[in-house]
Amino acid sequence: MPDLVADGDLDDVRPQAPDDVERRLTTSLSTSVLAVLIALVIGGLILLMSGENPLTAYSAMVDGAFGSSFALGETLSRAAPLAIVGYGTAVALRAGLITIGAQGQVVAGAIGALLTAQFFENAPSAVAIPAAALGGALFGMAWVLIPALLRARFNVNEILSTLLFTEFAALLIEYLLNNPLKPPTAITPQSEPYPKNGILGLVVDGTRFHFGVFAAFVIGIAFVWWIRSDRGFSYDLYGENPSLAQSLGISGNRVIINSLLISGATAGLVGWMQAAGLLQRVYVQIASDIGFFGLVVAFLGGATAGGVLVAALLFGALQSGGLAMQSSEGIPASLSDIIQALLLLGFSIRYAPQIIRLTRGVMANFTLIGKRRA
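Note that my numbering numbers the sequence shown so that position 352 is 1036, with each residue one more than the last.
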């Protein structure tokens, strides 16, 4: 069965289905904006109770996030990975899938990028850099391939499988950085320095704003093209109404596999950015919390291009601005953590029905496994 219907059939469906999809996404985005405002208000109240001026604190945070080239570079270097993971996750979300495996895919991408860069260590930078980026993306895709096949062929819940593979990635990188990839002189788990011909240079000296950050804009443009294409529309249609999509000849298995592979590729690309641009070697904690926050960014952004970008910039600004606020005003940077936690809480409340439904699906899989063993 083909994965796409004929153009004429799509044109017949487009006038109806997109309205439902866009209405759902717009409602989600509006709710996210409200969640941000509530989080900022609660943060302001906490400041007032602590004897601090909320306007002064937020002004220092904004200035620390955007007020100088260094501040802007720090914000963008933090926001870009979140945006890229968010775009990839949004493709899956629009297809009706929720993957929480980006954390492990970032790790896999970092390992893949490092190994590829070492293979091309003597090649020109024009060859080594794109090769490592491709290696990172392919390793990210490979890390989500089995969960994708399990979901498509056996209806295994993707939350369960991608979470397990995230744990596998954590164990794998710890083993690699304590054994085969660890330099003989290193005390802590880490890799050899990233090959110099594959390092992403700085856009502005004295900042962490490297050229890899521009990948976020490239991925954003690709995401816009995707959701406007016939294939992207057919995936949206499947996410909104699988029965209707399949009746029109859209292959559900292909939608599931391709959507998850796209999300894995973007997360793997972030692993390359972290290894080649920000850290210039691989550490156990190279993924930080990028994968999990990327999921939140996709949800808060309503799985739309502009929404994901704004949500990523918001989290990047909170992280970089919070540190600057502490150094300039003496207000603890933990305020930024509180606001991010409030956003996570709002996300959990907003999507409580979906989370409960998906949790039941995960538990059903565990029950099925238990019955088979019995």
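Ideal Cβ positions, reconstructed from N, Cα and C, are used throughout, including at glycine. Only a predicted model underlies this, so the values are computations on that prediction, with no experimental measurement involved.
Exercise. Between which two residues does the alpha helix (DSSP H) carrying A959 extend?
Worked result: Along the sequence shown, one-based indexing puts residue 959 at 275. Premise fails: A959 is in no alpha helix (DSSP H) and is neither H nor E.
For this session: Provide the residue(s) that pair with Y1059 in DSSP beta bridges, ordered along the chain.
Result: Because the chain here runs from 685 to 1058, residue 1059 falls outside it and cannot be looked at.
Exercise. Which value, in whole angstroms, describes the spacing of the CA atoms of A899 and L997?
Worked result: By one-based count along the sequence shown, residue 899 stands at place 215. By one-based count along the sequence shown, residue 997 stands at place 313. Cα to Cα, the separation comes out at about 15 Å.
For this session: Return the Cβ separation of A794 and Q964 in integer angstroms, given the expectation that the two are a contact with Cβ distance under 8 Å.
Result: Within the sequence shown, numbered from 1, the residue matching residue 794 stands at position 110. Within the sequence shown, numbered from 1, the residue matching residue 964 stands at position 280. Not really, about 11 Å apart at Cβ, beyond 8 Å.
For this session: Under 6 Å Cβ to Cβ from R778, same chain only, skipping five residues before and after it: list those, please.
Result: If you number the sequence shown from 1, residue 778 lands on position 94. D920, G923, A987.
Exercise. Can you name, in chain order, every residue of its own chain whose Cβ lies under 6 Å from the Cβ of V790, other than the five neighbours on each side?
Worked result: Position 106 of the sequence shown, counted from the first residue, corresponds to residue 790. So the qualifying residues of the chain are A951, V954, G955, A971, I974, G975.
Exercise. Using CA coordinates, which residue listed in L766, N937, A817, G757 is at the minimum distance from D889?
Worked result: What you label residue 889 is simply residue 205 of the sequence shown in a count that begins at 1. Looking at the Cα atoms, G757 is the closest of the given residues.
For this session: Kindly confirm or deny that the region 812 to 830 and the region 940 to 948 touch, where touching means at least three C-beta pairs closer than 8 Å.
Result: yes
For this session: Taking V811 as part of the alpha helix (DSSP H), name the residues at either end of that continuous run.
Result: Here residue 811 refers to the residue found at position 127 of the sequence shown. Here the alpha helix (DSSP H) through V811 covers 809 to 838.
For this session: For L886, name the three-state secondary structure that DSSP assigns.
Result: By 1-based counting over the sequence shown, the position of residue 886 is 202. DSSP places L886 in strand when its eight states are reduced to three.
Problem set entry | Enclosing alpha helix (DSSP H) for V908 [first to last residue] | The count along the sequence shown starts at 1 and reaches residue 908 at position 224. Unbroken alpha helix (DSSP H) run through V908: 899 to 912.
Problem set entry | Euclidean distance between Cα positions of N881 and L732 | For the purposes of this step, residue 881 is taken as the residue at position 197 of the sequence shown. For the purposes of this step, residue 732 is taken as the residue at position 48 of the sequence shown. Between N881 and L732, the C-alpha separation is close to 51 Å.
Problem set entry | Exposed unless 16 or more other CB atoms sit within 10 angstroms - verdict on F901 | In the sequence shown, the residue the question calls residue 901 occupies position 217. So F901 ends up on the exposed side.
Exercise. Are the CB atoms of P831 and S809 nearer to each other than 8 Å?
Worked result: Here the question's residue 831 lines up with position 147 in the sequence shown. Here the question's residue 809 lines up with position 125 in the sequence shown. Cβ atoms of P831 and S809: not closer than 8 Å.
Exercise. What are the boundary residues of the alpha helix (DSSP H) that includes L788?
Worked result: Residue mapping note: residue 788 aligns to position 104 of the sequence shown, counting from 1. Just to set this straight, residue 788 is Gly in the shown sequence, not Leu. It spans 786 to 803 - the alpha helix (DSSP H) in which G788 sits, taken as one unbroken run.
Problem set entry | Start and end residues, alpha helix (DSSP H) containing I768 | As a working note, residue 768 is residue 84 in the sequence shown. 753 to 778 is the extent of the alpha helix (DSSP H) around I768.
Exercise. Using the beta-carbon count (16 or more within 10 Å), is L814 buried or exposed?
Worked result: Here residue 814 is taken as the residue at index 130 of the sequence shown, counted from 1. Going by the sequence as given, residue 814 is Pro instead of Leu. That one is exposed.
For this session: Identify every run of the alpha helix (DSSP H) within the region 986 to 1024, keeping only runs that are complete inside it and at least 4 residues long; order them along the chain.
Result: 989 to 1013
Problem set entry | Other residues of its chain near P699: CB distance less than 8 Å, five sequence neighbours each side excluded | Walking along the sequence shown from the start, residue 699 turns up at place 15. Residue placement at P699 is flagged as unreliable, the pLDDT there being 48, under the threshold of 50; a coordinate-derived value is accordingly withheld.
Problem set entry | Neighbour-count burial assignment, N839, 16 or more Cβ in a 10 Å radius | The residue labelled residue 839 in the question sits at position 155 within the sequence shown. The residue in question, N839, is exposed, as its Cβ has fewer than 16 Cβ neighbours within 10 Å.
For this session: Within 10 angstroms of the Cβ of Q1024, are there 16 or more other Cβ atoms? Answer buried if so, exposed if not.
Result: As a working mapping, residue 1024 is identified with position 340 in the sequence shown. Result: buried.
Exercise. Does the separation of the CB atoms of G796 and F852 fall below 8 Å?
Worked result: Taking the sequence shown and counting its residues from 1, one reaches residue 796 at position 112. Taking the sequence shown and counting its residues from 1, one reaches residue 852 at position 168. Result no, Cβ atoms of G796 and F852 do not sit closer than 8 Å.
Problem set entry | Cβ contact check for the region 735 to 742 and the region 998 to 1018: 3 or more pairs under 8 Å | yes
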